[in-house]
Each structure stands twice: as C-alpha cells, then as structure tokens.
Amino acid sequence: MNKELYEFPVTVYGSLEKYNEVLSKARCRIFYKYENRNGTYITDAFAEKLLQSLPYAPIKGIY
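Residue numbers (the numbering used here): 131 to 193.
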C-alpha cells in the first residue's frame, strides 16, 4: 500500500465559517491553469473536468 503524503499550496479567500472546533468552511484556490511552479501543466479542457468534480469537495488542512 502506498502511503505517500502529498502537499500542495492552497490559497484561502475571505473568512473561515466555523462549524465546530475542528471543522471550518472556506473558499480556496487549489490549482492554476497552464504552467505551475511544480512543473505540472493544466490545460483548459482538464481544468473544466476538475471544476465539475470540485464544488463543495472537502479538503483537509492542518494549520
């Protein structure tokens, strides 16, 4: 079983909406189209596929 941890930068917009002591809701940017700093490249077509699967998807973050 592969137990690698993946890390990527996330930009949070606006304020966090706190639900309880360990869970909050926020709007964030998790990818950029075209060339990225980590060497990946996201095309317009692939970005559209990502957007269709992302609304209200949970993202775990530890700060």
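All C-beta atoms, glycine included, are put in the ideal place defined by N, C-alpha and C.
Query	Result
Along the chain, where does the beta strand (DSSP E) containing L184 start, and where does it finish?	Careful: L184 lies outside any beta strand (DSSP E) and carries neither H nor E.
Helix, strand or coil, according to DSSP, for E147 in the structure here?	strand
Rounded C-beta distance between K148 and S154? I'm assuming under 8 Å.	5 Å
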